[in-house]
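Colleague: This structure is in structure tokens; I'll ask about it shortly.
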Amino acid sequence: MAAKKVKEAVAYFDHPEQVEEPGFYTLTGDTETDENGVEHESNFTPDSLVYASPDGEGFVYDKPEQTTEQATEGGES
Amino acid sequence: MAENFTDEGLDRLLNYAPGGAGTLDTTLYLAAITTAGAGPLTASTVPPRTTVWSTGYLTAGGEPVIGTGAYARKAVLNTDWGAAATNASGRRRTAVQQSFAASTAAWSNATVVGTALATASTAGAGVAYYYANFDDASTVVVNAAGITLQVTPYWQHDI
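Right, here's the structure in full:
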């Protein structure tokens with residue numbers, strides 16, 4: 289049976305003040321609309337831990353069984 | 005390299021002061037901008053200041069699709085930012101280094117030229133305050149699994 293895909297917005301959190309475990313989280317909170325009609329996530333907080341889907345598309349609720357080797361690249365922006 | 009505030013971001017700041025309105029952002033989100041952005045974007049160009057991030061994140065910013073290859077915007081907490089300090093002709097705050105999640109496959113737009121600092125985790129919402137290339141004018145190609153994009157964001161107001 290295929291894993292259930294997450295439909296909510298997801299972001300990556302790793303700050304110990306916000307989450308116990310670094311990872312992808314759905315978010316919860318209120319939205320506000322500014323004077324230009326733009327919707328803002330007003331102090332959304334992480335809600336449920338979710339996982340990258342093994343098929344490389346989207347996120348799933350259940351932790352997949354997999355390991356990946358990691359390399360690191362980057363710079364300042 | 006290039007960096008600039010956006011009109012919509014400045015509007016939001018001006019709404020706080022002197023406007024005295026709006027809800028402060030305690031968490032911001034880093035988004036990758038890539039060569040898929042209009043221009044196309046390069047290691048020394050960023051989206052124009054007039055870009056509306058909620059509709060232009062893909063076309064102007066070339067942001068990778070959230071969820072593909074485990075790309076997601078990276079939350080930056082307000083306590084991640086260091087104290088303001090003088091830098092050249094302005095004042096700057098620099099955040100601790102931020103790591104996106106390691107890729108699990110190639111990102112949909114793989115050649116990253118910098119980042120946007122936005123108010124929303126969700127594609128299609130919020131505004132971007134600031135766009136910046138990498139300081140060393142490099143690109144980072146996330147074209148496979150196991151690559152972690154790390155950036156040290158800063159925010160500077162010039163006099």
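One line per chain: the protein sequences are A and B, in this order.
The first sequence begins at 289 in our numbering and counts up one residue at a time.
The second sequence begins at 5 in our numbering and counts up one residue at a time.
Here a beta-carbon is modelled for each residue, glycine too, at the ideal position from N, C-alpha and C.
So, using beta-carbon positions, are VAL348/A and ALA299/A closer together than 7 Å?
Modeller: Cβ atoms of VAL348/A and ALA299/A: not closer than 7 Å.
Colleague: Select from PRO68/B, SER107/B, ILE70/B and THR90/B the residue whose C-alpha is nearest the C-alpha of ILE163/B.
Modeller: For ILE163/B, the nearest C-alpha among the options comes from THR90/B.
Colleague: Looking only at its chain, what residues have a beta carbon closer than 6 Å to the beta carbon of ASN113/B, apart from the 5 residues adjacent to it on each side?
Modeller: Cβ within range, chain order: THR38, ALA40, GLY66 and PRO68.
Colleague: Output needed for THR54/B: all residues of its chain with C-beta closer than 6 Å, excluding positions within five of it in sequence on either side, in chain order.
Modeller: Cβ neighbours of THR54/B beyond the five flanking positions: ASP11.
Colleague: Indicate whether SER48/B and ASN137/B have their beta-carbon atoms separated by less than 7 Å.
Modeller: Cβ atoms of SER48/B and ASN137/B: closer than 7 Å.
Colleague: Anything in chain A within Cβ reach of ASP15/B, meaning under 9 Å, just list it in chain order.
Modeller: What ASP15/B touches in chain A: ASP322, GLU323 and ASN324.
Colleague: According to DSSP, what are the bridge partners of LEU34/B?
Modeller: LEU34/B pairs with LYS78/B and LEU121/B.
Colleague: Using beta-carbon positions only, say whether GLY344/A and ALA109/B come within less than 7 Å of one another.
Modeller: Yes, these two residues count as a Cβ contact at 7 Å.
Colleague: Listing by chain order, which chain A residues have their CB less than 9 Å from the CB of THR72/B?
Modeller: Within 9 Å Cβ-Cβ: GLY344, GLU345 and GLY346.
Colleague: For a test of the three-state rule: what should DSSP assign to ALA55/B, helix, strand or coil?
Modeller: What sits at residue 55/B in the sequence shown is Thr, not Ala. It is coil, neither helix nor strand.
Colleague: Please check the pair ALA129/B and GLU329/A, which I expect to be a contact at CB under 8 Å, by giving their CB distance rounded to whole angstroms.
Modeller: The Cβ separation is near 6 Å, so the contact holds.
Colleague: Is it buried or exposed for ASP29/B, if we count other Cβ within 10 angstroms and need 16 for buried?
Modeller: Label assigned to ASP29/B: buried.
Colleague: For my contact list, SER125/B and ALA340/A are in at a C-beta cut-off of 8 Å; report their separation, rounded to the angstrom.
Modeller: Their Cβ separation, rounded to whole angstroms, is 16 Å, which puts SER125/B and ALA340/A out of contact at 8 Å.
Colleague: Provide the residue span of the alpha helix (DSSP H) that contains GLU320/A, from first to last.
Modeller: No alpha helix (DSSP H) holds GLU320/A; the beta strand (DSSP E) holding it covers 311-321.
Colleague: Residues of chain B with CB under 7 Å from ALA297/A, in chain order?
Modeller: Near ALA297/A (Cβ distances below 7 Å), the residues of chain B are SER125 and THR126.
Colleague: Start and end of the alpha helix (DSSP H) containing ASP11/B?
Modeller: 11-20 is the span of the alpha helix (DSSP H), which, as asked, contains ASP11/B.
Colleague: For VAL298/A, which residues does DSSP report across the bridge?
Modeller: Paired residues: THR314/A.
Colleague: If you measure from the beta carbon of ILE30/B to each beta carbon in chain A, is any gap under 7 Å?
Modeller: The displayed chain sequence assigns Thr, not Ile, to residue 30/B. Yes, THR30/B lies at the interface with chain A (some Cβ there is under 7 Å from its Cβ).
Colleague: If you measure between the beta carbons of ALA106/B and VAL80/B, is that distance less than 7 Å?
Modeller: The answer is no: Cβ separation not under 7 Å.
Colleague: Cα separation between GLY94/B and GLN160/B?
Modeller: If I take the Cα positions, the gap works out to 6 Å.
Colleague: Using beta carbons (cut-off 7 Å, strictly below), is GLN358/A in contact with chain B?
Modeller: In this prediction, GLN358/A has a pLDDT of 48, which is less than 50 and means its spatial position is unreliable; nothing more can be read from the coordinates.
Colleague: How would you list, in chain order, the residues of chain A whose beta-carbon sits under 8 Å from the beta-carbon of ASP84/B?
Modeller: Near ASP84/B (Cβ distances below 8 Å), the residues of chain A are HIS303.
Colleague: Kindly say whether GLU329/A, judged by its beta-carbon, lies nearer than 7 Å to any beta-carbon of chain B.
Modeller: It does: the Cβ of GLU329/A has a partner Cβ on chain B nearer than 7 Å.
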